[in-house]
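As structure tokens, the structure follows; a few thoughts come after it.
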């Protein structure tokens, strides 16, 4: 069995004001080129071909599934393509859900992806990766009121197939991991003007622009949202954007329809039309050292995970 997960760009947390019973909420988009996992049941033990971190994640998944579903078989898991870790692309959630979903499919267990995410403690602050794994597309979720719930899905929209993201990621620096972000997310409080501005741009900007497939309006409002989100987290990342890519974010904002930073970074992105993206990529590669930055094109994924048996 082969499991191909998406990756995702996270456009930001909506509400950290703590003024309502619900908190967080987020928006983001699902992309192609995630994990490519080959998996088959074999013997009684688990064997994982991958990095140390990947082995730890898959082993944790296997232990939880074994306990919950009384699994008596082992698995051979080979990770052939991967998402870079701790750079803002959702690697932990995709690897966790991808291997778990594949294992359960292999033994004939039918479990919803949302229930699987709850079991595996995904979506602690945001469920963009979970809903993207399930169905792909642009995701808007409305936060959560309880500690152990998954944020509710407000809207899922097919992302225009002729829009692309030029993505630039530092090879040298990393963003926060889940352990490092926990105290920040649990304590950070912002003025209500920030979630009000973000929400206004979503309702009157982002959603109508997607409905009309207006790339200019979408990019304009996305940039405003990203700047506001960045101000919310600026005390914890040395500025509006991660210092390793702040100049890249500004470059992309100036040379695309809109841009920003995915999650904690250090991944920057700019929104362009499909026919324009190759020229912009060449321009970036002329100026940036390939040993310091990874540059690639992000294609929208409107279907979520793909399983081939």
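In my numbering, the protein residues as written are 480 to 788. We put the beta carbon where it would ideally sit given N, CA and C, even for glycine.
Element boundaries [alpha helix (DSSP H), containing residue i]
i           : result
residue 688 : 686–691
residue 543 : 531–548
residue 728 : 725–734
residue 637 : From DSSP, residue 637 is part of no alpha helix (DSSP H); its letter is neither H nor E.
Range of the contiguous beta strand (DSSP E) that encloses residue i
i           : result
residue 554 : 554–560
residue 501 : Counting along the chain, residue 501 falls outside any beta strand (DSSP E), and DSSP gives it neither H nor E.
residue 740 : 738–740
Neighbour-count burial assignment, residue i, 16 or more Cβ in a 10 Å radius
i           : result
residue 512 : buried
residue 485 : buried
residue 788 : exposed
residue 691 : exposed
residue 781 : buried
residue 764 : exposed
residue 727 : buried
residue 620 : buried
residue 499 : exposed
residue 741 : buried
residue 560 : exposed
Residue i in three-state terms, based on DSSP
i           : result
residue 604 : coil
residue 746 : strand
residue 593 : helix
residue 662 : helix
residue 720 : coil
residue 674 : helix
residue 651 : coil
CB contact flag (residue i, residue j, <8 Å)
i           : j           : result
residue 652 : residue 745 : yes
residue 663 : residue 491 : no
residue 698 : residue 567 : no
residue 784 : residue 527 : no
residue 583 : residue 751 : no
residue 616 : residue 516 : no
residue 643 : residue 610 : no
residue 538 : residue 525 : yes
residue 587 : residue 553 : no
residue 599 : residue 540 : yes
Proximity test, residue i beta-carbon vs the ligand COA heavy atom, cut-off 7 Å
i           : result
residue 733 : The ligand content of the structure shown is nil, which means the ligand COA is not present either.
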